[in-house]
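Peer 1: Dropping the structure in here first, questions after.
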Amino acid sequence: MTTLTDGQKVSFEVEPDRMGKGPKAVNLSAV
1 MTTLTDGQKV SFEVEPDRMG KGPKAVNLSA V
């Protein structure tokens with residue numbers, strides 16, 4: 001992923017963490 005600029009938005013999906021630490025963000029992309 002490239003550097004984000006101030007105010008830039010990102011999209012992502014949330015899936016459960018296999019280690020049991022709560023949800024994690026995956027498939028991050030700048031929009």
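Residue numbering for the sequence shown follows the UniProt record's numbering, beginning at 1 and increasing consecutively.
Glycine included, every Cβ here is placed at the ideal spot set by N, Cα and C.
All values derive from a computational prediction rather than experimental measurement.
(1) Cutting at 6 Å between CB atoms, please list the residues of its own chain near lysine 24, excluding the five before and the five after it.
(2) Looking at the strands, I want to know which residues DSSP matches up with valine 31.
(3) Between which residues of its own chain and valine 14 is the CB-CB distance below 8 Å, once the five residues before and five after are set aside?
(4) Tell me lysine 24's beta-bridge partners as DSSP assigns them.
Peer 2: Quick answer:
(1) Position 24 of the sequence shown holds residue 24. Around lysine 24, the same chain offers Asp17 as residues with beta carbons nearer than 6 Å, after the five sequence neighbours per side are excluded.
(2) Within the sequence shown, numbered from 1, the residue matching residue 31 stands at position 31. Per DSSP, none; premise fails for valine 31.
(3) Translated into positions along the sequence shown, residue 14 becomes position 14. So the list reads Pro23, Lys24, Ala25, Val26, once near-sequence residues are dropped.
(4) Position 24 of the sequence shown, counting from 1, holds the residue named residue 24. For lysine 24, which the question treats as bridged, DSSP gives the partners Glu15.
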